[in-house]
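Here the structure is laid out as structure tokens; the discussion comes afterwards.
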Amino acid sequence: AEESERHDEL
Amino acid sequence: MNVFRLTGDMTHLASILVLLLKIYATKSCSGISLKTQELYALVFLARYLNLFTDFISVYNTVMKLVFIGSSLAIVWCMRMHKMVKRSYDQELDTFRHYFLIAGCFLLALLVNEKFMFPEVLWAFSIYLEAVSTIPQLVLLQRSGNVDNLTGQYVFLLGAYRALYILNWIYRYFTEPHFSRWIACVAGLVQTALYADFFYYYFLSWKNNAKLQLPS
């Protein structure tokens, strides 16, 4: 998925 | 990663460490809501399903393991540890949190970023976290006096999401197509629920008095 869509936060 | 999010994660970690300290040092969980702990364990399990499938960074993976491990350990402690469970305020911790779980799941089915299983669970975990502190705040109001460690635990738990709001504002202005409106709205609701606690916490700090919540 695009970087911004990935849930990269806790 | 930005300073708001890092500080937010460290504040969240600190809240868990303070809670572990309280339970370990005093062998007591008086003033702590088991229902809130169970809701948080569910939040982490539902949100970190991608733990092994979607590697983001070592930091991200380590923190997810710490959050899942500590929340399950606290629930286990409060349910099984004979010394600790004796101090659990069972008769005060009566908020029916199953309604919160059902309501958040229904909302996640209706409002999510993509109608896919992982996304619905992610939205569920975001909504559930926003309301997961309600049993804890209700318990504090019923139990009247709040011991220092419990007060610090709740304060840090509320402060971390407020820092995340600053993180979302920062990312909104610095990243072209950043949109976390589900997490943002839920984060605002979550932080707003702490408003009156923050007020009484500030008063107790200013007057150097015991933290008292009006019942």
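Protein chains in written order, with our numbering: chain A, 1 to 10; chain B, 1001 to 1215. Backbone N, C-alpha and C define an ideal beta-carbon position, used for all residues, glycine too.
Residues that residue i bridges to, as DSSP identifies them
| i | result |
| --- | --- |
| B/Gln1279 | Here chain B comprises residues numbered 1001 to 1215, so residue 1279 of chain B is not present and cannot be evaluated. |
Reference residue i, options the options, closest by Cα
| i | options | result |
| --- | --- | --- |
| B/Gln1190 | B/Val1131, B/Gly1031, B/Trp1168 and B/Asn1167 | B/Val1131 |
| B/Lys1022 | B/Arg1142, B/Gly1151 and B/Leu1106 | B/Gly1151 |
| B/Ala1192 | B/Glu1129, B/Trp1205 and B/Tyr1170 | B/Glu1129 |
| A/His7 | B/Asp1196, B/Gln1212, B/Asn1207 and B/Ser1125 | B/Ser1125 |
| B/Lys1210 | B/Ile1056, B/Leu1188, B/Asn1148 and B/Trp1181 | B/Asn1148 |
| B/Tyr1153 | B/Met1116, B/Trp1181, B/Tyr1201 and B/Leu1107 | B/Tyr1201 |
| B/Met1001 | B/Leu1019, B/Asn1050 and B/Asn1060 | B/Asn1060 |
| B/Thr1133 | B/Ala1102, B/Gly1158 and B/Glu1113 | B/Gly1158 |
| B/Val1043 | B/Trp1205, B/Lys1064 and B/Met1116 | B/Lys1064 |
Contact set between residue i and chain A, taken where Cβ atoms lie within less than 7 angstroms
| i | result |
| --- | --- |
| B/Met1063 | Leu10 |
| B/Arg1005 | Glu9 |
| B/Ala1009 | For the record, residue 1009 of chain B in the displayed sequence is Asp; it is not Ala. Neighbours of B/Asp1009 on chain A, chain order: Leu10. |
Check: residue i C-beta below 7 angstroms from any heavy atom of the ligand GDP
| i | result |
| --- | --- |
| B/Glu1038 | Ligands in the displayed structure: none, and consequently the ligand GDP is not present. |
Residues that residue i contacts on chain A, provided the C-beta gap is smaller than 9 angstroms
| i | result |
| --- | --- |
| B/Phe1067 | Leu10 |
| B/Trp1122 | His7 |
| B/Asn1060 | Asp8, Glu9 and Leu10 |
Cβ shell of residue i (< 7 angstroms), same chain only, five flanking positions each side left out
| i | result |
| --- | --- |
| B/Gly1008 | Tyr1160, Leu1163, Tyr1164 and Asn1167 |
| B/Leu1045 | Ile1068 |
| B/Leu1072 | Ala1041 |
| B/Ala1108 | Val1120, Ala1123, Phe1124 and Tyr1127 |
| B/Tyr1098 | none |
Cβ shell of residue i (< 8 angstroms), same chain only, five flanking positions each side left out
| i | result |
| --- | --- |
| A/Ala1 | Annotation note: pLDDT 45 at A/Ala1 (below 50); position unreliable, coordinate value reported separately. Nothing meets the Cβ criterion. |
| B/Phe1095 | Ser1033, Lys1035, Ile1134, Pro1135, Val1138 and Leu1139 |
| B/Asn1112 | Glu1119, Val1120, Trp1122, Ala1123 and Ile1182 |
6 angstroms CB neighbourhood of residue i in its chain, flanking five on each side removed
| i | result |
| --- | --- |
| B/Met1080 | none |
| B/Arg1171 | Phe1178 |
| B/Cys1029 | Ile1023, Met1078, Val1084, Ser1087 and Tyr1088 |
| B/Leu1156 | Thr1011, Ala1014 and Ser1015 |
| B/Leu1139 | Ser1033, Leu1092 and Asp1093 |
| B/Cys1184 | Trp1168 |
| B/Glu1038 | Val1075 |
| B/Phe1004 | Leu1163, Leu1166, Asn1167 and Tyr1170 |
| B/Tyr1019 | Reading off the sequence, residue 1019 of chain B comes out as Leu, not Tyr. Excluding residues within five positions, the ones whose Cβ falls inside 6 angstroms are Tyr1153. |
Interface partners of residue i on chain A, CB under 8 angstroms
| i | result |
| --- | --- |
| B/Ile1056 | Arg6 and Asp8 |
Is it a yes or a no for the segment 1029-1036 of chain B touching the segment 1170-1178 of chain B, going by three-plus beta-carbon pairs under 8 angstroms?
no
Please confirm if the segment 1203-1215 of chain B is in contact with the segment 1137-1153 of chain B, defined as three or more CB-CB distances below 8 angstroms between the two stretches.
yes
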